[in-house]
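Here is the structure we will look at, set down as structure tokens.
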Amino acid sequence: MSHSRPATCMLRFINSRRCLMRLFSLIATGRSGLRGGNFLRLTAAAVCLTLSATTLTFAQTAKGTIQGTVRDPNGAAVVGANVEAKNEATGDARATTTSGDGLYTIPNLDVGSYTLTVNGTGFAPATVKGLKVSVSFTLTQDVQLALAGANEVVTVASGDAQTAVNTTDQQLSTLISQQKILDLPLLSRSPDSLLLLAPGTNSSTSRLGGVTVNGQRERNNNFLVDGIDNNDTDVPGIPGGVSTPNIDATQEFRVITNNFNAEYGRNTGAIVNVATKPGTNQFHGGGYIYYRTDKLAARDFFDTTGKPNPLQRRQYGASIGGPIRKDKTFFFFNAERDIFDQGITVTTTVPTAAARQGIFNLSSGTIDARQGSANNRFNFPINQNFVNLLNQFVPLPNTPGEAQPLPGVFEHFRFSTQTNDRDHQFSTRVDHKINDKHSLSGSYALSDGTFEFCCETFPGLNDAILSPQTTHRLSLNLVSTFSPNLINEFRFGGNRLKLTFAGPGDGGVNSTAIAATRSALAASGVPTTGTQFGGANGSLINFGIAGITSPFAAFDTQFRYTGTTHIGDSLTKIWGNHDMKMGGEFRWVYSNGASNFFRTETLDFSAPGFYGISILRNNSGGNLGFAGQNTTVQNFASYLFGLVDQQTQSQFFDKGGTRVDADYRGFRQRELEVFWQDTWKVRPNLTFNYGLRYSYYGVPFEINGQLSNLVGQDPSNFAPAGGFRFQLVGKNSGGSSNLYKDDRNNFGPRVGFAYSPDFKTGFVSKLTGGPGKMSVRGGYGIFYDRVFGNLFENASSNPPFQIAFFNSPGLDVLNAGGSSLQIYQASRVQNFSRPTTQIATPVVQDGELRQNVVYFALPGNNQMQTKFAMPYTQSWNFGMQRRFKGDMLFEADYVGSHSSNLLRVMDGNMASVARWNAVTHDTQTINPFSSVGNYFTGSLQLAFFEPALNLSVGMSTYNAGQFRFTKNFAEHSRWGFGQIQAAYTYSHSIDNAPDPIDAQRGERSFPRDSSGFTGGLGAERGNSGFDVRHRFVGNMVYEIPFNAGDRYVKAVLRNWTISGIWTWQSGVPYSVFSGTDSAGTGFGQRADFAGQGTGLDLTPVSGLNPSTQTGPQRTLFANPCPLGDPTCAGTSGIGRQGTTGRNQFYGPGFNNVDFSLIKRIPFGGENRYKFTIRADFFNLFNHTNFGLPVNTINSSNFGQSIDTFAPRIVQLVGRFDF
């Protein structure tokens, strides 16, 4: 019965106050150890408190711990010895006493170098100097005391933290030290790029450009600065988070890549914990400038000008830190300005002079589309107004003699332009020791800049997108030492991001282009007056022109103001051989913004591809088919004829049905995580870690209740009576449902062990190196992830808040059974007028896709699965560390994981001609060249067009062998000073879904690769888009030893440092697409193999550069309709997916060396001042690393890489430090 009260509390989550009192009463007893019932009581009470109380929060600390065992000369435990750790830079000291097993633990220490002093009755004092305490790491330092009368001083070499054997937990982590941050060459000039030094990491190829870790998506990393949340909650995955400290404001950081303890959470990927630079008892600081210029850069591989793009980057800044009051209060301040002007070569596709007049010089013969020609099927006249518009703003090709998209019709125009980025950063930190029991620290950072997204479409058009951006970051930390064995850490802070994407309507688009567009439409008989609402200045109209780079495409201004307020606390109780910790975190997340997708009116000139009806004849008198580039040629001809297949515009409304200018929304989310964990030192060389974390991420809501979702209705089935009804959901909406159902069962147990063999003699001792030289570790845990804002915020476009004006007169004629000529006569541009305001309604009726003006979001619906489950990952690892003489550490680990409920997107109204026929007993045929036609034919209801349905049904697996070798060179060694490190990962990641918004470069998020009705999720199982089988990364920072010669020779030859990073990896995967809808699902499918061959034909196409042929030849694949004739619908390739798998092919590998040459010139008393000159060489050998090849077989560039990674860039550096 003695356990009934805590057990009841734990199981029912009640009586939280009683649990809290019980827990502290147990803690307050001050027993020296835990025995039997006491341990069970404390465990039960602690778990109860964790699960029921919200007053203890957050423990994702940015501090470190020293622990160890104190023994006498005979190896017996010394009880009651005084152990003190003193920060050598600030003088701050923390003390404790050893337990009955001789154990001591000093947690919550600031990062830095410490002196450990041990005093025991009857023993001589022992001192250990130079102990490196690093962020989020427990350093083990055992001490053996000598008898009284001796004075033992043990000196530990600096840099030891990176070769310390982890004997305390199962976590796999990598420390990025201050020396590496300052001395390694960093192309991005941001310390977060050094994440890639860790085993199991890999660069993403998506637009986010983040880092994937151990098979987890790049969005799944948790970035912390001084223990406070630094994540972009809307668009996670961007490297470093919201506000990354620059290299001079960063002390160090640690990346934990697998099986982190229960105190860490929020995400399933890596924990990246950054400690900012503090002040010390000595004033320190300096100034610096980093400079890059095209005069010292190589040209791009595809640049035919013979010279590199213009480049000017100047980063300069200064730092100062020191004491405000010695041993009491310290400060640090850094300011930096970044001026980055980068020239970029832009390659666009433009029509030839002949093509603008309707003469298409194809390799199979010339097609003359001018009126009166036999090739002009309907004898339409060319709209000279549209030709003049092209000639005014679209230049002629200027790249003769090189491969073209479609020679004689579409060729390249290449020009140089420039992006101009400006950024200012300020960061500061203050540390204050209130008294011996309490210390307070705080850091703040501000960044303010403007960034330009490449590029203007053509020279002089001035339509690049500008992005002003401001960020704030705040961290406050209070550490309270109530006793040596009871420590509390309270944390408060957060981040703020203000980001705008200023579209052409905000001063970008040249007014001449606006006037010319309106004039061309007016001259063609299109009314351009009337109600204008939204769009780029309410003036520019988007023209969708197939085959070319269109200069008539407006980007509507977007903005988002996001942030997280973070409160937390952790309580550590050291009880004998147990180190218990409990706490959690609470986050207030907000996002205010507007997307304004499709706000500008669009006229799409792709009628032949839309209807699948030819408007041109070939030279044999038959209709020109749709094989190869013929579709693009015909679509471009529809622009010349002024044939519009559809006119669209999104219109925005509030909850009351009033039309508004923008889709402004304010989202809120509340997140709570609590945990309890215990580190149990069973023996000095055996530690068990176990704990439990509970994660509640809440359901987002819109502050004005302007949010809707389909509730209880299946958008892929027949329409229900009365149509599909979007219900208002969430707080303040008046509805009874949330956006999705609360997921409240996210319990994540963690368990691990670390065993350090302590054999002192014999063969096994030689194998293991002796006590503390080897560690065998392993663990298992369940980790949960959150739903990011960009996903659920897209639901803002659901009816009745966003209604799309859709006008397609030709589609009406098609549905009424009209002739091909009548369809195109109805599609002439002069038949269109300005969009009228729609009527906001939450109801979407079946068949509305076939109406002239319809009320459906095109394709804006973003429905959320109503029973949404949080993604989670089961991770496990097993491995060893072995330290060798000469300060060398070797690590080998097996790492595995299985992820479930991953976020993915599917078409909510999945089409399938085969399913339609099976359900309705119809006999419709598939037209491989009309995906839209197949969509209409194969949909059970026509209320929606390709709505995005967000689901948590994805899965992934990851298995890897990871190896790392680290060698330190001690200071003043004859072999030099520094470190060499090498890491190799052999891994395989498999999943059945890419990221729902930003897929990797070789795959698609939406439209997905294939349809759920022609294979299901099983057909999507394949290599992850970021799967890299082999990856090696080596890095070094090495000070060259030189002591010979007189002082002048030494002045020249001493104090040279070389550093570098070598990265080699195999390629990333991609899918190959056919460009046809062979499965009849409304989407292009993956390609078919031509036969049963397994090899890839890499023979370059005649006339192309062999070095750019990085993918397979087109001859490896079969065209299901080789003649481009829809009558081939009965062949074996029609009605199914392609035979190639998702992400079956792998692109070119990556091989790069970055190198730095550094000369330091010390001067002044004790060489306190240093002037540094330095040269960084990025891509030292100017090795060409190609991007993925073009992966659609009907492209003229198929199998060819058309871009590369950066060529060699040289950076010059000047620094002054003191």
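So for the sequence shown, the working numbering puts the first residue at 3; every next one is plus one.
Glycine included, C-beta positions come from ideal geometry on N, C-alpha and C.
- Under the three-state reduction of DSSP output, residue 92 falls in the coil class, being neither helix nor strand.
- Counting along the chain, the unbroken alpha helix (DSSP H) around residue 641 starts and ends at 632–643.
- Residue 73 sits buried, since 16 or more C-beta atoms from the chains shown fall within 10 Å of its C-beta.
- Residue 422 is bridged by DSSP to 343.
- Rounded to the nearest angstrom, the gap between the Cα atoms of residue 209 and residue 624 is 44 Å.
- The C-beta of residue 555 has 16 or more other C-beta atoms within 10 Å across all chains shown, which makes the residue buried.
- Under the three-state reduction of DSSP output, residue 881 falls in the strand class.
- Residues of the same chain with a CB within less than 7 Å of the CB of residue 720, apart from the 5 flanking positions on each side, are 942, 943 in chain order.
- The alpha-carbon of residue 794 is positioned some 55 Å away from that of residue 145.
- In its chain, beyond the 5 residues on either side, 1153, 1154, 1155 have a beta carbon closer than 8 Å to the beta carbon of residue 1185.
- Here residue 1137 is buried: its Cβ has 16 or more other Cβ atoms, across all protein chains shown, within 10 Å.
- The straight-line gap separating the alpha-carbon atoms of residue 1072 and residue 1143 is approximately 10 Å.
- Secondary structure note for residue 590: its beta strand (DSSP E) is the uninterrupted segment 580–596.
- When rounded, the separation of the alpha-carbon atoms in residue 984 and residue 89 is 31 Å.
- Taking a contact as a CB-CB distance under 8 Å, the pair residue 1140 and residue 1092 does not count as one, their CB atoms being some 11 Å apart.
- The beta carbon of residue 151 sits closer than 7 Å to those of 126, all from its chain and outside the five residues before and after it, given in chain order.
- Taking a contact as a CB-CB distance under 8 Å, the pair residue 170 and residue 681 counts as one, their CB atoms being some 7 Å apart.
- With 16 or more neighbouring CB atoms inside 10 Å of its own CB, residue 752 falls in the buried class.
- With contact defined as three or more Cβ pairs closer than 8 Å, the stretch 498–505 and the stretch 248–257 are not in contact.
- With respect to the 9 Å criterion, residue 215 and residue 229 are not classified as neighbours on the basis of their beta carbons.
- By the CB criterion at 9 Å, residue 109 and residue 705 fall outside the cutoff.
- Rounded to whole angstroms, the separation of the alpha carbons of residue 610 and residue 617 is 7 Å.
- Using a C-beta cut-off of 8 Å, the stretch 832–846 makes no contact with the stretch 909–924, since fewer than three inter-stretch Cβ pairs fall below that distance.
- Between residue 708 and residue 791, the C-beta gap is not smaller than 9 Å, which leaves the two residues out of contact.
- Counting only residues of its own chain and dropping the five nearest sequence neighbours on each side, residue 233 has a CB closer than 6 Å to the CB of 225, 243.
- The beta carbon of residue 82 lies closer than 8 Å to those of 99, 100, 122, 123 in the same chain, with the five residues before and after it left out.
- In the structure shown, residue 1117 adopts helical secondary structure according to DSSP, grouped into three states.
- Counting only runs of 3+ residues, the beta strand (DSSP E) found wholly inside the stretch 200–256 occupies 203–205, 213–215, 224–227, in chain order.
- The secondary-structure analysis by DSSP pairs residue 937 with nothing; it has no beta-bridge partner.
- Fewer than three Cβ pairs drawn from the stretch 364–373 and the stretch 319–333 lie within less than 8 Å of each other, which leaves the two stretches out of contact.
- Beta-bridge analysis with DSSP links residue 277 to 254.
- Short of 7 Å from the beta carbon of residue 978, and not among the five residues preceding or following it, lie these beta carbons of its own chain, in chain order: 971, 1040, 1041, 1042, 1043.
- In the DSSP annotation of this structure, residue 1108 is not part of any beta strand (DSSP E), being labelled neither H nor E.
- If you keep only unbroken beta strand (DSSP E) runs of at least 3 residues inside the stretch 654–708, you get 667–685, 688–698.
- Per DSSP, the continuous alpha helix (DSSP H) segment holding residue 791 begins and ends at 791–795.
- Between residue 909 and residue 949, the CB-CB gap stays under 9 Å.
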